[in-house]
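Colleague:
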Amino acid sequence: MAFGRVAMIGDAAFVARPHVAAGVAKAADDAAALVAALEVDEVEAALRRFEAARVPVGKRIIERARHLGAYLQATHTAEERARSQRHSIPEAVLAETAVLDFLRS
Ligand SMILES: Cc1cc2nc3c(=O)[nH]c(=O)nc-3n(C[C@H](O)[C@H](O)[C@H](O)COP(=O)(O)OP(=O)(O)OC[C@H]3O[C@@H](n4cnc5c(N)ncnc54)[C@H](O)[C@@H]3O)c2cc1C
């Protein structure tokens, strides 16, 4: 996400899939982290600090997208179908989609 004196944020860095519903929060948090880093370091060091802070969050969002995607799309194997059934009930959908609690743990 950081290349010398250039950084990418939000969707330009990478897209949070729609079912995670984290695109706006990720873009805003990326921007806030960029500002915070630029307040304490010169540009290149700040962008490295920004990248170190935000890449792990981005990876967790991607992991979450894959986890949730298992019940939206993947039903080829027995394991996928089992996961699909477990997550297709309304309670699971309400508890798991558009909820960013997973970033806190
Ligand atoms: C239909 C839809 C529904 C969505 N629903 C949700 C939701 O419920 N919850 C959620 O969290 N996220 C949702 N998202 C995702 C969310 O909108 C994005 O993740 C978020 O807007 C990314 O913010 P951004 O600032 O990175 O990019 P953007 O919001 O795309 O902003 C990029 C800006 O750059 C401008 N631009 C592009 N090229 C140039 C150029 N060459 N020069 C100058 N300006 C340029 C564009 O006009 C745009 O204003 C949804 C997206 C879509 C498409």
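Following my numbering, the numbering of the sequence shown begins with 908 at its first residue and continues without gaps.
Beta carbons: idealized from backbone N, C-alpha and C, even for Gly.
Tell me which residue opens and which closes the alpha helix (DSSP H) that R993 is part of.
Modeller: In the sequence shown, counting from the first residue as 1, residue 993 sits at position 86. Counting along the chain, the alpha helix (DSSP H) containing R993 begins and ends at 985-994.
Colleague: Touch check for the stretch 932-949 and the stretch 971-990: three-plus C-beta pairs under 8 angstroms?
Modeller: Contact fails: fewer than three Cβ-Cβ distances are below 8 angstroms.
Colleague: If you follow the alpha helix (DSSP H) that L945 is part of, which residue opens it and which one closes it?
Modeller: Position 38 of the sequence shown holds residue 945. 930-947 is the extent of the alpha helix (DSSP H) around L945.
Colleague: Between the beta-carbon of L954 and the beta-carbon of A928, is there less than 9 angstroms?
Modeller: Working through the sequence shown from its first residue, we reach residue 954 at position 47. Working through the sequence shown from its first residue, we reach residue 928 at position 21. For L954 and A928, no; Cβs fall outside 9 angstroms.
Colleague: According to the Cβ coordinates, are S991 and A981 closer than 9 angstroms?
Modeller: Residue 991 sits at position 84 when you count from the first residue of the sequence shown. Residue 981 sits at position 74 when you count from the first residue of the sequence shown. Yes, they are a contact pair.
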